[in-house]
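For what it's worth, full-length UniProt numbering labels the leading residue of the sequence shown as 1, then goes sequentially. Backbone N, C-alpha and C define an ideal beta-carbon position, used for all residues, glycine too. This report concerns only the one structure given below.
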Amino acid sequence: MTTPAGDGRDRRPAGADDGSVTVVLVAVVAVALVLAAFLGVVTSAHTARLQAQTAADLSALAAATAMRRGGDACATAGLVAARNGASVIACADEGDGVVRVGAQRRTGVGPASAEARAGPRPASGG
Numbered sequence: 001m002t003t004p005a006g007d008g009r010d011r012r013p014a015g016a017d018d019g020s021v022t023v024v025l026v027a028v029v030a031v032a033l034v035l036a037a038f039l040g041v042v043t044s045a046h047t048a049r050l051q052a053q054t055a056a057d058l059s060a061l062a063a064a065t066a067m068r069r070g071g072d073a074c075a076t077a078g079l080v081a082a083r084n085g086a087s088v089i090a091c092a093d094e095g096d097g098v099v100r101v102g103a104q105r106r107t108g109v110g111p112a113s114a115e116a117r118a119g120p121r122p123a124s125g126g
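Below, the structure is given as structure tokens:
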């Protein structure tokens, strides 16, 4: 049965696609939530990597300074790394007052590590 135009009633058959918008909306929200969670994990990992790099940089600088003053370079690097929430995973005297330090910071997604080198600037040959 058809209804006259303009009486305000719906002309489509009942039940054909009722609720389809709800299904699409739920799917879009689910994808958005998964994407937001993924971005949160990536951001957390990147932040941890930056914090590990900061700890490695500061530890290497402190180690080179301690070595220059006659102190224990690697012990100083470990102390500075710990104060920055990281641990030293490598510490090497490369000679001529240069120290290379590797630092690691634990995160919820795994360890983040970085390496830094510090010491006097090499003389330019010329």
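Non-local beta-carbon contacts of Glu94 in its own chain, meaning distances under 6 Å to residues more than five positions away in sequence, involve Arg100 in chain order. Taking all protein chains shown into account, Asp18 has fewer than 16 neighbouring C-beta atoms within 10 Å of its C-beta and is therefore exposed.
The three-state secondary structure of Ala86, taken from DSSP, is coil. Residue pairing from DSSP places Gln104 in a beta bridge opposite Ser87, Ser113. Taking the Cβ atoms as the reference, Ala103 lies roughly 4 Å from Ala55, within the contact range of under 8 Å. Excluding five sequence positions before and after Gln53, the CB atoms of its chain that fall closer than 6 Å to its own CB belong to Ala114, given in chain order. Comparing alpha-carbon positions, the option among Thr65, Ala37, Arg106, Val26 lying closest to Ala82 turns out to be Arg106. Counting C-beta atoms within 10 angstroms of its own C-beta, Asp57 has 16 or more neighbours from the protein chains shown and is therefore classed as buried.
DSSP, read as helix, strand or coil, puts Gly95 in strand.
One thing to note: Gly110 has its Cβ no nearer than 9 Å to the Cβ of Ala37.
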